[in-house]
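Residue numbering for the sequence shown follows the working numbering, beginning at 46 and increasing consecutively.
The beta-carbon is built from N, C-alpha and C at its ideal position, and this holds for glycine as well.
Model, not experiment: these values are computed from the prediction.
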Amino acid sequence: MQMIALELVKNPPIIILDEPNSGSDELSSSQCVAFLQKLAHIGHTVICSIHTPSAKIFQKLDYVYVITAGQCMYRGSASNLVPYLQSVNIECPRHYNPADF
Numbered sequence: 046m047q048m049i050a051l052e053l054v055k056n057p058p059i060i061i062l063d064e065p066n067s068g069s070d071e072l073s074s075s076q077c078v079a080f081l082q083k084l085a086h087i088g089h090t091v092i093c094s095i096h097t098p099s100a101k102i103f104q105k106l107d108y109v110y111v112i113t114a115g116q117c118m119y120r121g122s123a124s125n126l127v128p129y130l131q132s133v134n135i136e137c138p139r140h141y142n143p144a145d146f
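Right, here's the structure in full:
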């Protein structure tokens with residue numbers, strides 16, 4: 046998080062991060078994603094790769110780009126991922142983290 050803070054001093058319009066919460070506990074990861082979400086909501090473009098986020102973190106995501114076997118499987122609103130999966134006959138069990146599925 047310290048490295049992210051150092052880069053944010055420059056106030057970049059676009060922020061690209063590769064697994065910013067890697068190696069962090071759930072609380073730190075959640076705080077990091079919440080902070081990045083605030084930056085996005087005040088006008089920054091935030092792009093992150095997050096490998097298998099927890100359900101709590103997944104709920105904070107606005108837009109997702111899902112890659113499977115090297116191909117884009119889905120891109121769009123995080124809240125529409127499960128309905129999309131259902132439309133292509135992939136059932137995500139109820140109360141299951143879509144990011145784990």
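In this structure, I60 places its C-beta atom within 8 Å of the C-beta atom of H89. Under the three-pair Cβ rule at 8 Å, the stretch 101-109 counts as touching the stretch 118-130.
Between H86 and the set P58, P128 and N66, the nearest pair of CA atoms involves P58. For Y108, the enclosing beta strand (DSSP E) has its first and last residue at Y108 to T113.
Cβ-Cβ distances below 8 Å link S94 to L62, D63 and E64 in the same chain, with the five nearest sequence neighbours on each side left out; the list follows chain order.
Around C137, the same chain offers V127, L130, P143 and F146 as residues with beta carbons nearer than 7 Å, after the five sequence neighbours per side are excluded. Less than 8 Å divides the Cβ of N66 from the Cβ of V78.
DSSP places C77 in the uninterrupted alpha helix (DSSP H) bounded by E71 to H86. Excluding sequence positions up to five before and after T113, its CB lies less than 7 Å from no other CB in the same chain. For the pair R139 and S99, the Cα-to-Cα distance works out to about 15 Å.
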